[in-house]
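Written below as structure tokens is the structure these notes are about.
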């Protein structure tokens, strides 16, 4: 049943203005409207939820919630690449985490100098928006770029570079630097500032009730994730299963969080380990995705049973932690009696679910630690080569089809400790990574070859390009083929890790024991953006 036929929805921004109406003016404060497009994700949402004025002919049904996810299906020519990455801000002179006042000044500086619009919550600047990109603050002030949906890896890497240039230009004047690592290497939880965002207060109070490491997740971790599209329910299922199976492999390759409070922490990816005891009602490897009955409807069924965090009404967060979205569906939330959910409530609820791969109207690959800029380009290349090429996707699906739930869970638990050296069947994770990397390279090369194919039937005057001089056509083919090879080049960082067998975390630990003389402070220079 089409959602549009049952609901008349007018999105209203929290300041009362129309959500889609905004004039571009340098540094003009606005409240960004969360939508289901790219630029939403990470651990938490970028801005206050949107309120909707909704006239419902009847309450939302399961069919409406399923239709919302189905609406993400799009033809392959419309597939895009979205990246999101977080980083720690710190004072260059003291290495201490930056406070909200300093972050506010950086946001204001970016808005004034580079024409970003401000996102405001209760008179506090909490983020920025420019086109389809947004900058948001995680609970401990981690700075996140949620990138636009882009067509090529070249565009994705250019977006990352542009963002880092802007942040560095403003930050250097304030003696502030940014660190690309998966876990805060030096400072205790009590040293981390708390950002003035309403939903974070609710989460901060709830986390200790459901796990021992939730506050560490909120305040001391940074991740990089890649958002990718699907064409159909079956395509979503294959990519979801493949993504879940390979997420520990990505965790091993990009492991980059070996320090805690100034010394080694016993893990190569402490960030990944933290998710094993944050809130198991909303995280993990989702074994049901591998059931024969899995599809959009089954994921909706799962999401309905993930406990809620909040409802946003009248510019206020209502604490609904532990409550059921199913009860919300029939107006039986004790904290908001008689209140019925909108599709925007559903969208916001989906952002509070944190499995290793998350389904919204696209799929989010969530298993990698934060890292330096070259790895920010390498991660999307790794996943695009595997999931956007049919031949590579089928090969990976075949490779992982007989992995058991127990094996996948074993990888998730052990890889954060032993990385590429984790035993698996008759070999090690490194052996898997070598084979997977080759499939990713092949997939990226074929993206270039497919672009060559577009030339064959291109009309030109009274004929086609194929009728033009062979020499001109060959030159054009060569140029397009080189585009494919250049995308493969983004995998050099991955290649270096796998060929050496040394993860980024192990490299840092070696520096700690040798050149750094068992001091962690040099990591702030080593991984400085």
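Residue numbers (full-length UniProt numbering): 1 to 529.
A virtual CB, placed ideally from N, CA and C, is assigned to each residue, including glycine.
- For residue 108, the enclosing alpha helix (DSSP H) begins and ends at 100–114.
- In the pairwise beta carbon analysis, the stretch 379–394 is classified as not touching the stretch 278–290: fewer than three pairs are separated by under 8 Å.
- Taking a C-beta distance under 8 Å as the contact criterion, residue 342 and residue 271 do not qualify as a contact pair.
- Assignment of residue 148 by DSSP, reduced to helix, strand and coil, places it in the coil class.
- Under the DSSP assignment, residue 96 falls outside any alpha helix (DSSP H); it carries neither an H nor an E label.
- For residue 237, the enclosing alpha helix (DSSP H) starts and ends at 233–253.
- When DSSP states are grouped into helix, strand and coil, residue 188 belongs to the coil group.
- For residue 223, the enclosing beta strand (DSSP E) starts and ends at 223–228.
- Residue pairing by DSSP places residue 365 opposite 226, 357 in a beta bridge.
- Contact between residue 146 and residue 136 is confirmed by a C-beta separation of about 6 Å, below the 8 Å threshold.
- Straight-line spacing of the CA atoms in residue 492 and residue 378 works out to 8 Å.
- Here residue 167 is not near residue 365, since their CB atoms are 8 Å or more apart.
- Residue 83 is bridged by DSSP to 226.
- Under the three-state reduction of DSSP, residue 508 is assigned to helix.
- Cβ contact annotation for residue 331 (same chain, cutoff 6 Å, sequence separation greater than five): 338, 340, in chain order.
- According to the DSSP secondary-structure assignment, residue 318 is paired through a beta bridge with 311.
- One thing to note: residue 408 has its Cβ within 8 Å of the Cβ of residue 244.
- In the DSSP assignment, residue 136 falls outside any alpha helix (DSSP H) and within the unbroken beta strand (DSSP E) covering 133–137.
- In the DSSP assignment, residue 268 falls outside any beta strand (DSSP E), carrying neither H nor E.
- Taking the Cα of residue 373 as reference, the smallest distance to any Cα among 69, 156, 384, 317 is reached at 156.
- The DSSP-derived three-state label of residue 395 is helix.
- In terms of Cα proximity to residue 348, the closest of 199, 327, 133 is 199.
- Taking every protein chain shown into account, the CB of residue 165 has fewer than 16 other CB atoms within 10 angstroms, so this residue is exposed.
- In the displayed model, residue 424 falls within a strand according to three-state DSSP.
- When C-alpha distances from residue 209 are compared across 281, 139, 241, the shortest belongs to 281.
- Rounded to whole angstroms, residue 420 and residue 427 show a C-alpha spacing of 11 Å.
- Pairing residue 153 with residue 336, the inter-Cα distance amounts to about 45 Å.
- Contact between residue 181 and residue 88 holds, with the beta-carbon distance rounding to 7 Å and staying under 8 Å.
- Linking residue 151 to residue 242 through their CA atoms gives a straight-line distance of about 22 Å.
- Cα atoms of residue 178 and residue 529: separation of roughly 6 Å, rounded to the nearest angstrom.
- Straight-line measurement puts the Cα of residue 70 at about 34 Å from the Cα of residue 219.
- Taking the Cα positions, residue 311 is about 32 Å away from residue 109.
- Excluding its 5 nearest sequence neighbours in each direction, residue 230 has C-beta neighbours in its own chain below 6 Å: 236, 239, listed in chain order.
- By DSSP's assignment, residue 219 forms no beta bridge with any residue.
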